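>
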DNA sequence: ACATTATTGCGAATAAGTTGCAATAATACA
DNA sequence: TGTATTATTGCAACTTATTCGCAATAATGT
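Protein chains in written order, with UniProt numbering: chain A, 1 to 125; chain B, 1 to 125.
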């Protein structure tokens with residue numbers, strides 16, 4: 001299952017790298033200058049997630065958003081769970097540099113955390 | 001827009017009251033002894049949410065789950081944001097009595113928080 | 001240059017949730 | 001108790017997000 005370099009992969013990755021926000025499939029499709037098939041975009045994104053290049057956020061709208069958390073300098077910070085903020089006004093999702101802290105009852109094992117705050121961001125208020 | 005009492009409404013509400021977990025539409029449909037239409041269940045649930053009887057959680061699977069947070073004694077606690085735990089093994093979601101604490105950058109207004117931890121619960125591990 | 005196989009595009013399928021509309025039934029009020 | 005009002009329901013169709021099968025294409029190693 002070796003990965004290959006393709007224009008599609010490059011394009012999606014660059015878009016995510018340059019974007020300050022988490023993007024959905026259709027946002028990615030719209031912002032790309034080259035036409036890439038819907039299913040392909042999903043497959044590329046799912047591969048990125050599997051390879052830990054990108055993390056997936058599921059928002060209250062039930063949609064998936066994908067982000068490379070650039071701001072986090074080191075790898076540990078990337079993998080650490082953090083809050084996400086979804087602005088209802090500009091309909092974007094961004095990674096906040098706010099770690100998610102919690103405790104769970106005895107015997108519970110946490111594998112992942114999906115935390116999204118919803119409201120209005122600074123730009124829109 | 002006055003609310004009316006109907007068998008459907010009673011049945012769904014009782015199910016949620018007796019359940020210790022958050023339920024999805026199809027879980028509710030399966031657990032009900034009377035047959036209720038899919039769309040109707042959604043409409044009942046959406047009404048409950050609007051009336052603040054029930055809160056809606058969107059899990060990583062993109063699906064909506066609905067819960068009455070019985071454990072919380074007082075109303076304030078019900079309305080307060082708390083973590084939810086989704087067990088991958090028994091495919092349930094439950095409200096944890098763990099409040100969500102966070103801070104947001106200046107100028108950000110938070111209206112809602114949707115926080116779901118995923119893993120394996122005590123019963124399943 | 002060639003074989004291997006990862007990747008892509010297309011179309012169809014799946015699944016969750018919503019909506020329009022006509023029929024039904026809960027409530028208020030005479 | 002009877003009737004009008006309108007909230008609620010069931011059905012079918014629709015929308016939207018995501019996945020999947022399959023055949024065609026193209027990256028990579030030798």
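Backbone N, C-alpha and C fix where the C-beta goes; we use that ideal spot for every residue, glycine too. Treat the numbers as computed from the prediction; the structure is a model and nothing was measured.
1. How would you label residue 50 of chain B, buried or exposed, when you count the other beta carbons within 10 angstroms and need 16 or more for buried?
2. Is residue 28 of chain A helix, strand or coil when you go by DSSP?
3. Give the DSSP-derived three-state secondary structure of residue 128 of chain A in the structure shown.
4. Taking the alpha carbon of residue 88 of chain B as the point to measure from, which residue in A:7, A:108, A:12 has its own alpha carbon closest?
5. Of the residues that make up the stretch 82-108 of chain A, which ones have a beta carbon closer than 8 Å to any beta carbon in chain B?
6. Quick check: residue 117 of chain A and residue 120 of chain B, are their CB atoms within less than 8 Å of each other?
7. Within 10 angstroms of its Cβ, does residue 22 of chain A collect 16 or more other Cβ (buried), or is it exposed?
8. For the alpha helix (DSSP H) that contains residue 101 of chain A, what are its first and last residues?
9. Note down, in chain order, every chain B residue with its Cβ under 7 Å from the Cβ of residue 49 of chain A.
10. So what does DSSP say about residue 38 of chain B, is it helix, strand or coil?
11. So for residue 43 of chain A, helix, strand or coil by DSSP?
12. When you compare each of B:48, B:2, B:1 to residue 11 of chain B by their alpha carbons, which one comes out closest?
13. Answer with yes or no whether the minimum CB distance from residue 45 of chain B to chain A is below 8 Å.
14. Between residue 73 of chain B and chain A, is the shortest Cβ-Cβ distance under 8 Å, so that the two count as touching?
15. Considering Cα atoms alone, identify which of A:5, A:60, A:20, A:24 is closest to residue 114 of chain A.
16. So what does DSSP say about residue 92 of chain B, is it helix, strand or coil?
17. Classify residue 27 of chain A: buried if its beta carbon has 16 or more other beta carbons within 10 angstroms, exposed otherwise.
Put simply:
1. Exposed, by the Cβ-count rule.
2. Three-state DSSP puts residue 28 of chain A in a helix.
3. Residue 128 of chain A lies beyond the range of chain A shown here (1 to 125); nothing can be said about it.
4. Answer by Cα proximity: A:108.
5. With the criterion set as a beta carbon lying under 8 Å from some beta carbon of chain B, the members of the stretch 82-108 of chain A are 83, 85, 88, 96, 98, 100, 101, 102, 103, 104, 105, 106, 107, 108, in sequence order.
6. Contact check for residue 117 of chain A against residue 120 of chain B fails: the beta carbons are separated by 8 Å or more.
7. Within 10 angstroms of the beta-carbon of residue 22 of chain A lie 16 or more other beta-carbons, which makes it buried.
8. Residue 101 of chain A -> no alpha helix (DSSP H), and no H or E assigned at all.
9. Close partners of residue 49 of chain A in chain B (Cβ separation under 7 Å) are lacking, with about 12 Å as the shortest Cβ gap.
10. Reduced to three states, the DSSP call for residue 38 of chain B is helix.
11. Look at residue 43 of chain A here: in three-state DSSP terms it is helix.
12. Closest option to residue 11 of chain B, Cα to Cα, is B:48.
13. So no, residue 45 of chain B is outside the interface.
14. Bear in mind that the predicted position of residue 73 of chain B carries a pLDDT of just 49, short of 50, making it too unreliable to give a figure here.
15. Closest option to residue 114 of chain A, Cα to Cα, is A:60.
16. Strand.
17. In the assembly as shown, residue 27 of chain A is a buried residue. Its beta-carbon has 16 or more other beta-carbons within 10 Å.
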